[in-house]
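Protein chains: 2
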Amino acid sequence: MAGMTIKDIAKKCHVGVSTVSRAMNNHPDINPETKEKILKAIEEANYVPNNSARNLKRNDAKAIAVLVKGIGNTFFSELVGILERECEKKGYSCILQYVDEQEDEWDVAIRVGKEKRLRGLVFLGGSFSQSQEKISQMEIPCVLSTICTVGMPGASLASVSVDDFKESYKMTEYLIGLGHKKIAFITAPKNDASIGKLRLMGYRTALEQYQIPYREELVCYMDEKRDTYSYQSGYRLMQELLKRETFTAVYATADTLAIGACRALKEAGISVPEECSVAGFDGMDAGRFYIPSLTTIRQPVEEIGKATAGLLFDLIKGKEKPRQLIYEGELIQRESTARCKQ
Amino acid sequence: MAGMTIKDIAKKCHVGVSTVSRAMNNHPDINPETKEKILKAIEEANYVPNNSARNLKRNDAKAIAVLVKGIGNTFFSELVGILERECEKKGYSCILQYVDEQEDEWDVAIRVGKEKRLRGLVFLGGSFSQSQEKISQMEIPCVLSTICTVGMPGASLASVSVDDFKESYKMTEYLIGLGHKKIAFITAPKNDASIGKLRLMGYRTALEQYQIPYREELVCYMDEKRDTYSYQSGYRLMQELLKRETFTAVYATADTLAIGACRALKEAGISVPEECSVAGFDGMDAGRFYIPSLTTIRQPVEEIGKATAGLLFDLIKGKEKPRQLIYEGELIQRESTARCKQ
Chain C
1 MAGMTIKDIA KKCHVGVSTV SRAMNNHPDI NPETKEKILK AIEEANYVPN NSARNLKRND
61 AKAIAVLVKG IGNTFFSELV GILERECEKK GYSCILQYVD EQEDEWDVAI RVGKEKRLRG
121 LVFLGGSFSQ SQEKISQMEI PCVLSTICTV GMPGASLASV SVDDFKESYK MTEYLIGLGH
181 KKIAFITAPK NDASIGKLRL MGYRTALEQY QIPYREELVC YMDEKRDTYS YQSGYRLMQE
241 LLKRETFTAV YATADTLAIG ACRALKEAGI SVPEECSVAG FDGMDAGRFY IPSLTTIRQP
301 VEEIGKATAG LLFDLIKGKE KPRQLIYEGE LIQRESTARC KQ
Chain L
1001 MAGMTIKDIA KKCHVGVSTV SRAMNNHPDI NPETKEKILK AIEEANYVPN NSARNLKRND
1061 AKAIAVLVKG IGNTFFSELV GILERECEKK GYSCILQYVD EQEDEWDVAI RVGKEKRLRG
1121 LVFLGGSFSQ SQEKISQMEI PCVLSTICTV GMPGASLASV SVDDFKESYK MTEYLIGLGH
1181 KKIAFITAPK NDASIGKLRL MGYRTALEQY QIPYREELVC YMDEKRDTYS YQSGYRLMQE
1241 LLKRETFTAV YATADTLAIG ACRALKEAGI SVPEECSVAG FDGMDAGRFY IPSLTTIRQP
1301 VEEIGKATAG LLFDLIKGKE KPRQLIYEGE LIQRESTARC KQ
């Protein structure tokens, strides 16, 4: 059926070309049965509409973009893959856009949203300490993925994530349960107002709940200028920590950071978990196959990816209002953590 | 200069609107000097053409797509990041499109090239045993990245890669130099006619050069249906190998496969490198921070990514003919390989 045109479809369905166009463009002014008949005919004919002609009418390129901040974070590549496949199912193009660490992801979003005439946007990573004013400049639906906005300035935004406070509390409590009292914490830059803040609060609250004094010296923040959620940063930050503190456990807020930290410990002659327990966050495959395999909080990446796409498409269709979806993380106990011997 | 229209550009250059259109659309029927003048004026004016209107005329959405086959291969995510940033610099959108293992990447390419009216395409992964006939159906410029086509059916295609035969020979020779004779080989599916075939030839030729008989039983092919270039597949394939063969070294054609293999060896109580050397291919960060750190062939991913984008944009502009760019890999010797003790 190659070479089939909109006219052929119209003829086949005994309707006018404009009716076919209304069906294709989801126009409300069409009989639902007619619409169904036309869409079925299009499908059967393998008719590929001329997108550009459609775009002109609809002002709509049927594309969404995924803005990724933190290129070192391989956790995101799995999520991007899931999002792309969901777009494919819906007939959307998935434009990938990386944001430099120094750039404001919100400025980038507003710019590309206009330039590329996107229908929607997904944010992966970023700190989201945005003002309400900036948020209101955004003219298209967007969803923050793996970023929790509850109680944050961006609380009006749609998001799909785990409860970062709760999961972080859970991991800290688990390490305390193993007898650790000196628990170092490797985390996001100090000014991170979303994930970083919530996970720090979870860590701190758990310590206090168990009468362990919170010590700022045990917290090692990523350097906003030098670090990303990468193996290299975990390695570097652990080397720094080793110079200034003693501890029996380390909890890093990404598996990549935890793996880098393990490598630095090994090179310093400290064995994991015998002399130091190490725990991560995310549940990446790399941690599962690492030696020692990594104790972590598994984020349900498949569910989060699908829910992100689902929520975004509902927002695009006007079927939903922005809301916050929270998924449960899972503490996975592996070889990198053990009972404190001191 | 916001709000500048095609008419303003025409006026500024003392030409008609249709001439500006011809310049923008790379139409052959235009005086080269006039074309240059117009393009310069457009650039100076920061004129952002109305994409949808242009598409209709130009058949051109200023987008390229990156087709990724092998979602488990985190090596590609770094490359995708580099490609995206190069697109950004040129004002192109970078559409990400995953190809399922079962799909023919060439069919997908032909389809999305038309549907999304792309200006160009980059292939990452895939086997490329395409017939010349299929290749000739492709109407837009494309570049194979990290896929070597020299001597392959797709030799007319542009590609940027290392010399897979040579690099594979290099790694095998290195292991032979350590005294290994029983070198297992974990690689692409048997029917892979590009990278897989070339790397197998490199392995085989090195063995024969050193009078070591090639034994098919030591070669462990990925199962086309079950495996990807993932940690999990390396783990599974090593478990299979351990059941049927003895060997003192393993060379896997991806770092992910090698890391999975290390994990399976550990669980079988075999220490790396004391009892078995393990080598990978790619030079991923994960291998650098693994314990033991992984001996590998580093592909110059930054150079390959930039050259891929550069070649593609040159092809799009008609400045280049398809050609094959070969980069040098680097053998990085780390902890996972050692002298054979048997």
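From first to last, the protein sequence lines stand for chains C and L. According to the working numbering, the residues represented by the first sequence are 1 to 342, in order. According to the working numbering, the residues represented by the second sequence are 1001 to 1342, in order. All C-beta atoms, glycine included, are put in the ideal place defined by N, C-alpha and C.
Note to self: Would Leu198 of chain C and Leu124 of chain C be called neighbours here (beta carbons separated by less than 9 Å)?
What the structure shows: Within the first sequence, the letter at position 198 stands for residue 198 of chain C. Within the first sequence, the letter at position 124 stands for residue 124 of chain C. One thing to note: Leu198 of chain C has its Cβ no nearer than 9 Å to the Cβ of Leu124 of chain C.
Notebook entry, point to check: Which residues does DSSP pair with Ile1297 of chain L in a beta bridge?
Noted result: Position 297 of the second sequence, counted from the start, is the residue given in the question as residue 1297 of chain L. Per DSSP, L:Leu1331.
Notebook entry, point to check: Quick one: what's got a C-beta closer than 7 Å to Ile1332 of chain L's C-beta in the same chain, skipping five residues either side?
Noted result: The residue you call residue 1332 of chain L lines up with position 332 of the second sequence. Within the same chain, Ile1332 of chain L has close Cβ partners Gly1283, Thr1295, Thr1296 and Arg1298.
Note to self: What does DSSP give as the partner residue(s) for Ala249 of chain C in the beta ladder?
What the structure shows: What you label residue 249 of chain C is simply residue 249 of the first sequence in a count that begins at 1. Bridge partners of Ala249 of chain C: C:Ile183 and C:Ser277.
Next item on the list: Could you please give me the residues that DSSP links to Ser1159 of chain L through a beta bridge?
Entry: As a first step, residue 1159 of chain L is located in the second sequence; it is residue number 159 there, counting from the start. In the DSSP output, where bridge partners are listed per residue, Ser1159 of chain L has L:Leu1144 and L:Gln1324.
Check: Under three-state DSSP, which class holds Ala338 of chain C?
Finding: Within the first sequence, residue 338 of chain C is the residue found at index 338, counting from 1. Note: Ala338 of chain C maps to coil in three-state DSSP.
Notebook entry, point to check: From Val99 of chain C to Gln132 of chain C, what distance separates their C-alpha atoms?
Noted result: One-based indexing of the first sequence puts residue 99 of chain C at position 99. One-based indexing of the first sequence puts residue 132 of chain C at position 132. Their backbone Cα atoms lie some 21 Å apart in a straight line.
Check: What in chain C is Cβ-close to Tyr1235 of chain L, meaning under 7 Å?
Finding: For this step, residue 1235 of chain L is matched to residue 235 along the second sequence. Those are Phe289, listed as they occur along chain C.
Next item on the list: Pick out whichever of C:Arg117, C:Val162 and C:Leu39 has its Cα sitting closest to the Cα of Pro141 of chain C.
Entry: As a position in the first sequence, residue 141 of chain C is number 141, starting the count at 1. Taking only the C-alpha atoms, the option nearest Pro141 of chain C is C:Arg117.
Margin query: Please return the same chain residues whose Cβ sits closer than 6 Å to the Cβ of Arg204 of chain C, not counting the five positions on each side in sequence.
Written below: Taking the first sequence and counting its residues from 1, one reaches residue 204 of chain C at position 204. Once the five neighbours on either side are set aside, the close Cβ partners of Arg204 of chain C are Tyr214.
Note to self: Can you list, in chain order, the residues of its chain with a C-beta nearer than 6 Å to that of Ile1095 of chain L? Leave out the 5 residues immediately preceding and following it.
What the structure shows: Translated into positions along the second sequence, residue 1095 of chain L becomes position 95. So the qualifying residues of the chain are Ala1063 and Ala1065.
Next item on the list: Count the other C-beta atoms from every protein chain shown that fall within 10 angstroms of the C-beta of Thr1248 of chain L, then say buried if there are 16 or more, exposed otherwise.
Entry: As a first step, residue 1248 of chain L must be located in the second sequence, where it is residue number 248. Looking at its Cβ environment, which holds 16 or more other Cβ atoms inside 10 Å, Thr1248 of chain L is buried.
Check: So is Gly318 of chain C buried or exposed if we call it buried at 16+ other beta carbons inside 10 Å?
Finding: Counted from its first residue, the first sequence places residue 318 of chain C at position 318. With fewer than 16 other Cβ atoms within 10 Å, it is exposed.
Checklist line | Assigned secondary structure, Leu1124 of chain L (DSSP; H/G/I helix, E/B strand, else coil) | finding: Working through the second sequence from its first residue, we reach residue 1124 of chain L at position 124. Strand, per DSSP.
Next item on the list: Could you check how far apart the C-beta atoms of Leu218 of chain C and Cys340 of chain C are, in whole angstroms? I think they sit under 8 Å.
Entry: Position 218 of the first sequence, counted from the start, is the residue given in the question as residue 218 of chain C. Position 340 of the first sequence, counted from the start, is the residue given in the question as residue 340 of chain C. Not confirmed; about 15 Å, so no contact.
Notebook entry, point to check: Considering only residues of the same chain and omitting the five flanking positions on each side of Val1345 of chain L, which have a CB-CB separation below 6 Å?
Noted result: Any property of residue 1345 of chain L remains undetermined from this structure, which presents chain L solely from 1001 to 1342.
Next item on the list: Answer with yes or no whether the minimum CB distance from Val66 of chain C to chain L is below 9 Å.
Entry: Indexing the first sequence from 1 puts residue 66 of chain C at position 66. With 9 Å as the cut-off, Val66 of chain C counts as an interface residue toward chain L.
Check: For Cys1148 of chain L versus Gln1342 of chain L, is the C-beta spacing smaller than 9 Å?
Finding: Locating residue 1148 of chain L in the second sequence gives position 148, where the first residue counts as 1. Locating residue 1342 of chain L in the second sequence gives position 342, where the first residue counts as 1. In terms of Cβ geometry, Cys1148 of chain L and Gln1342 of chain L do not form a close pair [threshold 9 Å].
Notebook entry, point to check: Could you give the distance in angstroms between the alpha-carbon of Glu44 of chain C and the alpha-carbon of Thr1256 of chain L?
Noted result: What you label residue 44 of chain C is simply residue 44 of the first sequence in a count that begins at 1. What you label residue 1256 of chain L is simply residue 256 of the second sequence in a count that begins at 1. Glu44 of chain C and Thr1256 of chain L: Cα-Cα distance of roughly 42 Å.
Next item on the list: Please compile the residues from chain L whose C-beta is within a distance smaller than 7 Å of the C-beta of Ser93 of chain C.
Entry: For this step, residue 93 of chain C is matched to residue 93 along the first sequence. Under the 7 Å cutoff, chain L gives Ile1095 and Lys1116.
Note to self: Does chain C have any CB closer than 9 Å to the CB of Arg1000 of chain L?
What the structure shows: The shown model of chain L, from 1001 to 1342, leaves out residue 1000 of chain L, and the question about it has no answer.
Next item on the list: Please report the residue range of the alpha helix (DSSP H) in which Leu237 of chain C lies.
Entry: Here the question's residue 237 of chain C lines up with position 237 in the first sequence. Looking at the DSSP string, the run of the alpha helix (DSSP H) that includes Leu237 of chain C is Tyr231 to Arg244.
Checklist line | Alpha carbon of Lys11 of chain C to alpha carbon of Glu330 of chain C, nearest angstrom | finding: Within the first sequence, residue 11 of chain C is the residue found at index 11, counting from 1. Within the first sequence, residue 330 of chain C is the residue found at index 330, counting from 1. Cα to Cα, Lys11 of chain C sits roughly 56 Å from Glu330 of chain C.
Next item on the list: Pick out whichever of C:Ser93, C:Glu33 and C:Ala188 has its Cα sitting closest to the Cα of Gly280 of chain C.
Entry: Taking the first sequence and counting its residues from 1, one reaches residue 280 of chain C at position 280. Out of C:Ser93, C:Glu33 and C:Ala188, C:Ala188 has the C-alpha closest to the C-alpha of Gly280 of chain C.
Next item on the list: Mind checking which residues open and close the beta strand (DSSP E) that includes Lys69 of chain C?
Entry: Indexing the first sequence from 1 puts residue 69 of chain C at position 69. Its beta strand (DSSP E) spans residues Ala63 to Lys69.
Margin query: Run through the DSSP bridge pairs and tell me what Asp282 of chain C is partnered with.
Written below: Reading the first sequence from its first residue, position 282 is the one you call residue 282 of chain C. Partner(s): C:Arg298.
Notebook entry, point to check: Do the segment 253-268 of chain C and the segment 229-240 of chain C make contact, defined as three or more Cβ pairs closer than 8 Å?
Noted result: yes
Next item on the list: Could you tell me whether the Cβ of Arg263 of chain C comes closer than 9 Å to any Cβ of chain L?
Entry: Here residue 263 of chain C refers to the residue found at position 263 of the first sequence. Yes, contact with chain L.
Next item on the list: Identify whether Ile270 of chain C lies in helix, strand or coil by the three-state DSSP scheme.
Entry: Counting from one through the first sequence, the residue named residue 270 of chain C turns up at place 270. Correct three-state label for Ile270 of chain C: coil.
Check: In chain L, which residues lie less than 7 Å from Thr74 of chain C when you measure between Cβ atoms?
Finding: Position 74 of the first sequence, counted from the start, is the residue given in the question as residue 74 of chain C. Counting only Cβ-Cβ distances below 7 Å, Thr74 of chain C has contacts in chain L at Thr1074 and Ser1077, in chain order.
Checklist line | Sub-9 Å separation of Val1250 of chain L and Ala1268 of chain L beta-carbons | finding: Working through the second sequence from its first residue, we reach residue 1250 of chain L at position 250. Working through the second sequence from its first residue, we reach residue 1268 of chain L at position 268. Taking 9 Å as the Cβ cut-off, Val1250 of chain L and Ala1268 of chain L do not qualify as a contacting pair.
Checklist line | Candidates L:His1014, L:Glu1216 and L:Gly1202: closest to Tyr1174 of chain L by CA position | finding: For the purposes of this step, residue 1174 of chain L is taken as the residue at position 174 of the second sequence. Comparing Cα positions, the closest option is L:Gly1202.
Check: Is Lys1266 of chain L close to chain C, meaning its C-beta is less than 9 Å from at least one C-beta of that chain?
Finding: Indexing the second sequence from 1 puts residue 1266 of chain L at position 266. With 9 Å as the cut-off, Lys1266 of chain L counts as an interface residue toward chain C.
Notebook entry, point to check: If you draw a straight line from the C-alpha of Tyr1210 of chain L to the C-alpha of Val1160 of chain L, how long is it?
Noted result: Taking the first residue of the second sequence as position 1, residue 1210 of chain L is located at position 210. Taking the first residue of the second sequence as position 1, residue 1160 of chain L is located at position 160. Looking at the two C-alpha atoms, the distance is approximately 30 Å.
Check: So which residues of chain L does Gln314 of chain C contact, with C-beta pairs closer than 8 Å?
Finding: In the first sequence, the residue the question calls residue 314 of chain C occupies position 314. Reading off the sequence shown, one finds Asp at residue 314 of chain C, where the question assumed Gln. Those do not exist, as Asp314 of chain C stays about 22 Å from chain L at its closest Cβ, beyond 8 Å.
Checklist line | Ala109 of chain C versus Lys134 of chain C - alpha carbon distance | finding: To locate residue 109 of chain C, count along the first sequence from 1; it is residue 109. To locate residue 134 of chain C, count along the first sequence from 1; it is residue 134. So the alpha carbons of these two residues sit roughly 11 Å apart.
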